[in-house]
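Read through the structure below, which is laid out as structure tokens, and then see the notes.
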Amino acid sequence: EKGAEVAICDNLELPFRDESFDAVLSLAVVHHFATTERRVGAIRELARILRIGGRVIITVWAMEQRHRRFESQDVLIPWQPPRSKNAAASDEDDDDDFLPPYHAYTEDSTNSSRSAGDGDSSSLSSSSPGETCYSFVRRAIQVKLQ
């Protein structure tokens, strides 16, 4: 589309100034980080580029799904890039599958991630029944000087 700007970035080191956005979307990204520390780091980086009073919306995979049963929270799920309508399917295409890591969230893992951060939990709201979509408002921290 004309006028669209796209950037490919590392979510742990975003190439934007502090407090440069009013809103940030993170759709199906955070659950790809392999450790809690990296997931928390990714969320902190999203907060860093968000202005005070801004909102970040984060979606992640839930472990409790009707159409898929996970054996554990950290899984590898085969993924194949979508084929164009004109491309013919062949056996060679199966080699293109790869296994990106996913961390499927549960209510317990969500609560542990909340406690791992320094943020005020009152700024968090979940907007989906399976707790897979989260919305945060960035607030200023008041520091008392002695």
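Using my numbering, you'd call the opening residue of the sequence shown number -16 and step up by one each time.
Backbone N, C-alpha and C fix where the C-beta goes; we use that ideal spot for every residue, glycine too.
Please state whether DSSP places residue i in a helix, a strand or coil.
{"i": "residue -4", "result": "strand"}
{"i": "residue 120", "result": "strand"}
{"i": "residue 30", "result": "helix"}
{"i": "residue -10", "result": "coil"}
Rounding to the nearest angstrom, what Cα-Cα distance links residue i and residue j in this structure?
{"i": "residue -9", "j": "residue -2", "result": "10 Å"}
{"i": "residue 119", "j": "residue 28", "result": "13 Å"}
{"i": "residue 98", "j": "residue 19", "result": "Because residue 98 sits at a pLDDT of 46, beneath the cut-off of 50, its placement in the model cannot be relied upon, and the following sentence gives the value as read from the coordinates. Near 11 Å, if we compare the C-alpha coordinates of residue 19 and residue 98."}
{"i": "residue 22", "j": "residue 123", "result": "22 Å"}
{"i": "residue 39", "j": "residue 129", "result": "33 Å"}
{"i": "residue 37", "j": "residue 12", "result": "20 Å"}
{"i": "residue -7", "j": "residue 127", "result": "34 Å"}
Compare the C-alpha of residue i against each of the options and name the closest.
{"i": "residue 30", "options": "-13, 4 and 66", "result": "4"}
{"i": "residue 0", "options": "19, 38, 120 and 33", "result": "33"}
{"i": "residue 10", "options": "123, 129, 117 and 20", "result": "117"}
{"i": "residue 2", "options": "-6, 121, 129 and 44", "result": "121"}
{"i": "residue 43", "options": "36, 37, 35 and 14", "result": "14"}
{"i": "residue 6", "options": "-6, 35 and 128", "result": "35"}
{"i": "residue -5", "options": "-14, 16 and -15", "result": "16"}
What do you get for residue i, buried or exposed, if any count of 16 or more other CB atoms within 10 angstroms of its CB means buried?
{"i": "residue 25", "result": "buried"}
{"i": "residue -12", "result": "exposed"}
{"i": "residue 66", "result": "exposed"}
Where do the N-terminal and C-terminal ends of the alpha helix (DSSP H) with residue i fall, by residue?
{"i": "residue 18", "result": "Residue 18 -> no alpha helix (DSSP H), and no H or E assigned at all."}
List the endpoints of the continuous beta strand (DSSP E) containing residue i.
{"i": "residue 35", "result": "33 to 42"}
{"i": "residue 8", "result": "4 to 10"}
Regarding residue i and the ligand ATP, is the C-beta to nearest heavy atom distance less than 6 Å?
{"i": "residue 30", "result": "Summarising the ligand content, the structure contains no ligands, and the ligand ATP is consequently not present."}
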